[in-house]
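Position one of the sequence shown corresponds to residue 92 (my numbering), numbered consecutively onward.
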Amino acid sequence: MQGQPEHSGGCQCGAVRFEVRGELKDSSICHCRMCQKAFGAYYAPLVSVRGAQFSWTRGQPRHFQSSNLVRRGFCSECGTPLTYEAPDGMAIAAGAFDQPARLPPVRQYGMEARLPFIDALGGLPSSRTEQDVEALEFLARLVSHQHPDHDTPHWPPQSR
Ligand SMILES: [Zn+2]
Ligand SMILES: [Zn+2]
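Shown next as structure tokens:
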């Protein structure tokens, strides 16, 4: 294989990175209670990589066997949830992709556990990070240790 992969991504700390060659069409959110726990979130955004060529390009996730049939991968260094692995295929946490905006969800699963306030989220009072005046001093001192949204030859950089 040669050329740029269609998709890349990884965990927050950069210890685990992946690439996908081929088209991804099956992007979804799952409201089930197992996914809520595994992501520590109201629902899990997942993109199936079935039918595409997926490979880990740096490191490997650790796994928790969340049931007899499913295991979930995460970065053992930073804890970022990364995979849902079932007998019929693997899905990758949508937010772990470098460009998640390219993978909009097209359906929902696990509706029996869907939290009742989900529809109201878009209407909540909102602001951009830099609009929070009380946080300006905090933000001025903040140095991110998050891996950038592209592949890097070495990580972390030597200068840190
Ligand atoms: Zn990590
Ligand atoms: Zn689920």
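Note that beta-carbon positions come from the ideal geometry of N, C-alpha and C, so glycine has one too.
query                                                                                                        : result
CB of A182 within 9 angstroms of CB of T171, strictly                                                        : no
From L233, A226, P136, F165, residue whose alpha carbon lies closest to that of W147                         : F165
Contact check, Y175 vs R193, beta carbons under 9 angstroms                                                  : no
Residue nearest to H236 in terms of C-alpha spacing, selected from E97, E225, Q95, Q103                      : Q103
H238 classed as buried or exposed, judged by whether at least 16 other C-beta atoms fall within 10 angstroms : buried
8 angstroms contact criterion, which S118 and V138 should meet: CB distance rounded                          : 5 angstroms
Beta-carbon gap between G101 and R149 smaller than 9 angstroms                                               : yes
Closest by C-alpha distance to F188, when choosing among Y134, D240, A106, H122                              : D240
Residue closest to V197, alpha-carbon to alpha-carbon, out of K128, P136, E225, A106                         : P136
C169 beta carbon near ligand 2 (any heavy atom closer than 8 angstroms)                                      : no
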